Amino acid sequence: MNIKKFITTQFILSCILLSVACGQSNPLPASFTITGIITDAHTGEPIPFASVMLADRRTGVVANEQGHYLLQAKSLSDTIIASSLGYHLYHQAINRKRPFQTIDIQLQVSGTALQEIIVKAGENPAFRILRNIRNNRHLNDRNRLAAYECDNYIKTQLALSDRQKKHAKSRLFKRIEAAMSSDSLIGDDGQRLLPFFVSESVSRYYHRSNPQSSRDHMLKTRIKGVAVDDGEFSSQLLGSTNLLSQNFYNTYIPILGKDFASPIGENGKVWYTFFLADTVQIGDHICYEIQFDPKRKEDLAFTGKAWIDTTTYALCQIEAHVGNEANLNYVQAITIEQELEPVNDSISAGHAGWLPVVIRLSASIAGVSKQVSGLQAAVVLRSSNYIINKPRPLYFYQQPLEPSDTVATANDTYWQIARKNLAGADSLSEVDVKAREMIDKLRDVPVIKTAENIGQVLLTGYYRLGGIDIGPYPYMLAVNRMEGLRMRIGLRTNDQFSRNWIIKGYLAYGTLDRQIKYTAELSYLFSRQRWTVAGIRLTKDIERLGFNAESTGRNHLVYAFNRFGRLGGAYQNTQDELFMRTEPVRGILLTATLGSRIFNPLFPFRYRLQPTLGDLSPLESTIYDSYWTFEARLARKEKYLINGNERVTLGTKRAPVLTFRYTRSLQYFGGDFHYDRFTLHAQQSLRLGASGRFSYLLSTGFTPSHLPVPLLFAHVGNPALIYSGLAFNRLQFFEFASDRFIAAHVQHRFEGLLFNSLPGIRRLNWRFIVNADVLWGSRSSENQQFDTQDPLPDGKTPTRFGMPDGAKPYVEVGYGIENIFKFFQIQAIHRLTYNDNTMVSPFALKVAATISF
Numbered sequence: 003m004n005i006k007k008f009i010t011t012q013f014i015l016s017c018i019l020l021s022v023a024c025g026q027s028n029p030l031p032a033s034f035t036i037t038g039i040i041t042d043a044h045t046g047e048p049i050p051f052a053s054v055m056l057a058d059r060r061t062g063v064v065a066n067e068q069g070h071y072l073l074q075a076k077s078l079s080d081t082i083i084a085s086s087l088g089y090h091l092y093h094q095a096i097n098r099k100r101p102f103q104t105i106d107i108q109l110q111v112s113g114t115a116l117q118e119i120i121v122k123a124g125e126n127p128a129f130r131i132l133r134n135i136r137n138n139r140h141l142n143d144r145n146r147l148a149a150y151e152c153d154n155y156i157k158t159q160l161a162l163s164d165r166q167k168k169h170a171k172s173r174l175f176k177r178i179e180a181a182m183s184s185d186s187l188i189g190d191d192g193q194r195l196l197p198f199f200v201s202e203s204v205s206r207y208y209h210r211s212n213p214q215s216s217r218d219h220m221l222k223t224r225i226k227g228v229a230v231d232d233g234e235f236s237s238q239l240l241g242s243t244n245l246l247s248q249n250f251y252n253t254y255i256p257i258l259g260k261d262f263a264s265p266i267g268e269n270g271k272v273w274y275t276f277f278l279a280d281t282v283q284i285g286d287h288i289c290y291e292i293q294f295d296p297k298r299k300e301d302l303a304f305t306g307k308a309w310i311d312t313t314t315y316a317l318c319q320i321e322a323h324v325g326n327e328a329n330l331n332y333v334q335a336i337t338i339e340q341e342l343e344p345v346n347d348s349i350s351a352g353h354a355g356w357l358p359v360v361i362r363l364s365a366s367i368a369g370v371s372k373q374v375s376g377l378q379a380a381v382v383l384r385s386s387n388y389i390i391n392k393p394r395p396l397y398f399y400q401q402p403l404e405p406s407d408t409v410a411t412a413n414d415t416y417w418q419i420a421r422k423n424l425a426g427a428d429s430l431s432e433v434d435v436k437a438r439e440m441i442d443k444l445r446d447v448p449v450i451k452t453a454e455n456i457g458q459v460l461l462t463g464y465y466r467l468g469g470i471d472i473g474p475y476p477y478m479l480a481v482n483r484m485e486g487l488r489m490r491i492g493l494r495t496n497d498q499f500s501r502n503w504i505i506k507g508y509l510a511y512g513t514l515d516r517q518i519k520y521t522a523e524l525s526y527l528f529s530r531q532r533w534t535v536a537g538i539r540l541t542k543d544i545e546r547l548g549f550n551a552e553s554t555g556r557n558h559l560v561y562a563f564n565r566f567g568r569l570g571g572a573y574q575n576t577q578d579e580l581f582m583r584t585e586p587v588r589g590i591l592l593t594a595t596l597g598s599r600i601f602n603p604l605f606p607f608r609y610r611l612q613p614t615l616g617d618l619s620p621l622e623s624t625i626y627d628s629y630w631t632f633e634a635r636l637a638r639k640e641k642y643l644i645n646g647n648e649r650v651t652l653g654t655k656r657a658p659v660l661t662f663r664y665t666r667s668l669q670y671f672g673g674d675f676h677y678d679r680f681t682l683h684a685q686q687s688l689r690l691g692a693s694g695r696f697s698y699l700l701s702t703g704f705t706p707s708h709l710p711v712p713l714l715f716a717h718v719g720n721p722a723l724i725y726s727g728l729a730f731n732r733l734q735f736f737e738f739a740s741d742r743f744i745a746a747h748v749q750h751r752f753e754g755l756l757f758n759s760l761p762g763i764r765r766l767n768w769r770f771i772v773n774a775d776v777l778w779g780s781r782s783s784e785n786q787q788f789d790t791q792d793p794l795p796d797g798k799t800p801t802r803f804g805m806p807d808g809a810k811p812y813v814e815v816g817y818g819i820e821n822i823f824k825f826f827q828i829q830a831i832h833r834l835t836y837n838d839n840t841m842v843s844p845f846a847l848k849v850a851a852t853i854s855f
């Protein structure tokens with residue numbers, strides 16, 4: 003299972019379900035006013051043009067020439083902040099419930115002198131500062147440290163917002179309102195919020211630069227939410243790794259699977275316009291304030307401010323915003339705020355660089371339609387107790403797969419101490435406490451419990467009944483020429499049933515063939531740490547030659563859709579297997595399988611039992627095969643999460659996934675043929691910054707043995723309407739089969755790079771995508787001799803399998819548009835070679851559906 007697709011889909015569908023279930027009311031007008039005068043604490047003179055703002059808010063004003071200020075907001079934070087050049091930063095607690103307040107502020111003079119700035123004629127003065135940031139990066143960037151570790155406190159809150167007016171009149175909404183208190187939470191923009199997830203977590207984060215490794219050891223979590231529990235899977239998702247990876251010294255910042263250009267990165271001047279606004283004091287540091295804006299508002303870039311230390315040219319603080327004009331789905335706004343402090347080397351005690359002490363991430367997600375509510379998310383990370391340049395042994399950074407059984411705790415005393423030591427005693431505000439109370443009430447509403455159950459089905463494909471999951475729903479119904487109406491019901495056990503014994507299986511029945519099909523699997527999970535599983539699997543079902551879940555990259559939609567229609571290349575598969583899988587070393591997964599199968603074709607097919615006799619050879623259609631298989635999968639730096647009895651991959655970082663498989667027949671156990679078979683796959687997806695994302699799958703296979711076509715490599719064609727990036731989309735079933743081959747599937751997603759510059763199209767947020775698929779292959783003359791065109795007993799002519807010419811590759815290319823209505827993709831496919839086959843059109847349009855940001 004791919005965690006990126008899983009989490010993205012889970013996140014968006016959760017918003018849809020909860021928002022449809024809940025609805026909401028109208029924005030509230032601004033209702034808070036703070037006024038006063040700012041003066042010098044020593045002389046009493048007014049300070050003109052001082053800045054006044056609310057802590058943790060984007061609301062602020064500038065005082066007039068007489069030092070008077072008037073600040074109006076739709077909601078208040080706990081603290082007001084004031085600053086001015088030459089004065090210390092000022093903080094004062096305020097009453098966030100009083101609608102009108104008068105607060106006079108006295109600022110203390112700072113004794114720090116400013117560094118002289120020399121500006122060349124005709125040059126933007128901000129450019130000189132940007133050059134010095136790059137020149138001093140080796141002194142300030144945390145990437146230059148050999149290692150660092152710290153304690154982290156992370157607080158997360160998710161809430162629904164932007165409820166529509168008509169929802170307030172619905173019976174569903176009234177039932178929810180009746181169960182909830184009349185009190186409401188108000189967001190920064192004045193919207194009423196309905197929280198559905200809050201969490202706190204404490205972890206110890208470890209990072210090593212060479213080789214680059216990290217470990218986020220989750221110590222404790224406290225989670226409360228709708229459609230989630232305080233289980234181990236949720237706790238693994240709350241780590242600080244993603245936030246700490248947002249280093250603005252890098253060229254690009256990863257957010258929601260996209261690469262945003264950093265304003266102080268290597269190519270900052272390509273993407274941004276800059277303005278040197280002021281010199282201000284941030285804590286104990288005098289800083290240049292640089293404002294930045296994207297040159298094109300549709301690009302993946304930020305608007306905001308950066309404060310640069312005037313002495314070291316280090317990034318001291320940054321506030322970066324992404325608006326709804328960027329080429330992102332569902333996102334109305336994203337804000338990243340970072341505060342950094344200088345740290346000393348833990349060995350030499352000298353200056354080591356600057357590291358983040360506070361990171362705030364907030365996002366506003368729009369509903370997928372006018373009838374669906376939006377979502378607001380806020381995450382705060384506070385880091386402390388740094389240890390610098392004391393790297394741990396390499397094996398230490400291997401993240402344990404199985405979290406501690408005691409990681410989740412609701413002990414109030416523990417969290418009071420943790421907040422006091424790591425985040426400040428006031429880090430859990432009245433709003434946070436109120437959000438927890440509202441979630442408790444929300445979960446008691448019957449309609450919300452129903453929405454939770456529906457959500458589980460949509461997100462996982464299964465309906466949970468205690469220790470048993472029923473599904474998956476995409477495979478439950480199909481209609482095809484062989485089976486008629488195919489009905490299937492499946493189940494699997496989860497960790498509530500057992501944390502070691504796992505049972506999976508399904509039953510299927512066709513109204514036309516009136517045959518029962520099944521798969522039954524029993525396995526035992528010996529170790530989660532080394533992920534060691536052994537089991538037995540029994541199967542009797544109809545499959546398609548060369549087409550299975552593995553060959554489609556486990557694309558369940560493509561696999562399920564190909565159960566419909568003619569079902570070309572169908573055969574009755576009866577298969578029994580014993581298997582064992584283990585990971586002795588992190589990143590190397592070994593699998594051994596011992597099995598037998600019976601291939602019984604349901605399409606016209608026969609082969610020669612003694613091909614050297616030519617037309618005199620007896621003919622057969624069924625193949626009995628016994629075999630053993632060894633597979634080694636190498637995935638360097640791949641990380642996983644444990645979801646019950648399943649392991650979910652987080653993917654690899656700039657390293658391909660290599661899979662080698664060797665299969666050898668066991669003719670002594672009754673197999674019809676003796677053979678050896680080798681395959682090798684390399685797969686990777688690379689983010690290329692503003693250029694988009696490039697992915698590839700390279701495959702090669704070889705068998706030196708003499709075999710009929712069903713035991714060779716039948717190349718996966720895809721005549722269906724649904725586009726598959728891992729198949730040949732203009733290749734037909736039976737068209738090509740080889741005994742040796744090399745295949746390449748490459749794809750590049752340009753994101754908004756091309757369409758963002760087209761005035762008539764860029765508002766649609768379309769994204770351009772191209773692909774190329776190439777196959778070199780051949781079949782030996784010995785293996786061709788197995789083919790026969792002698793009629794079957796019923797008079798039908800056997801299916802003829804073609805083969806590629808070893809000197810001429812099969813090539814198809816495609817181009818298309820994705821993100822149509824934020825969901826659909828249309829791909830045009832051109833077949834460039836082997837167009838002498840008049841039964842196949844060289845051109846086709848395919849469609850696909852994806853959910854992504």
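Plus 2 on top of the position in the sequence shown (first one is 1) and you've got my numbering. For each residue, glycine too, the CB sits at the ideal point set by N, CA and C. Computed from a predicted structure; not experimentally measured.
Judged by DSSP in its simplified three-state form, Trp356 adopts strand. Taking a cut-off of 8 angstroms for Cβ pairs, the region 576 to 595 and the region 629 to 645 touch, as three or more such pairs fall below it.
Residue Val587 holds the alpha-carbon nearest to the alpha-carbon of Arg635 among Thr614, Asp674, Tyr626 and Val587.
With fewer than 16 other Cβ atoms from the protein chains shown falling within 10 Å of its own Cβ, Pro793 counts as exposed.
Only exposed fits Arg802, as fewer than 16 other CB atoms lie within 10 angstroms of its CB. The C-beta distance from Ile504 to Leu467 rounds to 16 angstroms, too long to meet the 8 angstroms contact threshold. Cβ contact annotation for Gly818 (same chain, cutoff 7 angstroms, sequence separation greater than five): Ile771, Gln827, Ile828, Gln829 and Ala830, in chain order. The bridge partners DSSP lists for Val849 are Ile724 and Ile828. Per DSSP, Glu300 is not a residue of any alpha helix (DSSP H), being assigned neither H nor E.
Taking the C-beta atoms as reference points, Met220 is found nearer than 7 angstroms to Val409.
Ile39 is positioned such that its CB atom lies no closer than 7 angstroms to that of Pro197. In the three-state reduction of the DSSP assignment, Leu834 falls in the coil class, being assigned neither a helical nor a strand state. The Cβ atoms of Arg144 and Leu357 sit closer than 7 angstroms to each other. DSSP, read as helix, strand or coil, puts His140 in helix. Residue pairing from DSSP places Asn602 in a beta bridge opposite Gln574.
Taking C-alpha positions only, Thr312 is separated from Leu87 by approximately 13 angstroms. Counting C-beta pairs with one atom in each stretch, the region 283 to 300 and the region 149 to 161 have fewer than three that are closer than 8 angstroms, which means they do not touch.
Separation of the CB atoms of His44 and Val111 is rounded to 6 angstroms, and the pair is thereby assigned contact status at 8 angstroms. In this structure, the CA atom of Phe304 is about 39 angstroms from the CA atom of Asn731. Between the region 642 to 649 and the region 691 to 707, the count of C-beta pairs closer than 8 angstroms stays below three; the two stretches do not touch. By alpha-carbon distance to Ser366, the top candidate from Asn329, Val324, Ile349 and Glu339 is Val324. Excluding its 5 nearest sequence neighbours in each direction, Leu56 has C-beta neighbours in its own chain below 8 angstroms: Gly62, Leu73, Ala75, Leu78, Ser79, Thr81, Ile82 and Ile83, listed in chain order.
Looking at the DSSP output, Ala634 shares a beta bridge with Leu592 and Phe662. Membership of Ile419 in the alpha helix (DSSP H) is indicated by the continuous run Asp414 to Leu424. By the C-beta density criterion, Met841 is exposed, having fewer than 16 other C-beta atoms within 10 angstroms.
Pairing Gly816 with Asn773 gives a Cβ-Cβ distance under 7 angstroms. Looking at the DSSP output, Cys152 shares a beta bridge with Tyr207. Rounded to whole angstroms, the Cβ separation of Gln787 and Pro613 is 4 angstroms, and the two are in contact under 8 angstroms. Beta-bridge partners assigned by DSSP to Cys289: Val282 and Asp311. Per DSSP, reduced to three states, the secondary structure at Met440 is helical.
Taking every protein chain shown into account, the CB of Lys99 has fewer than 16 other CB atoms within 10 angstroms, so this residue is exposed. Shown here for Ala480: same chain residues with a beta carbon closer than 6 angstroms to its own, the five before and five after excluded, namely Arg488, Arg565 and Phe566 in chain order.
Following the DSSP letters along the chain, one finds Gln786 inside the alpha helix (DSSP H) bounded by residues Ser783 to Gln786. Per the C-alpha coordinates, the member of Ser619, Ile225 and Tyr208 positioned closest to Asn413 is Ile225. When DSSP assignments are scanned along the region 33 to 59, the uninterrupted stretches of beta strand (DSSP E) that are 3 or more residues long and fall wholly within it turn out to be 34 to 42 and 53 to 56.
Straight-line spacing of the CA atoms in Pro101 and Asp42 works out to 27 angstroms.
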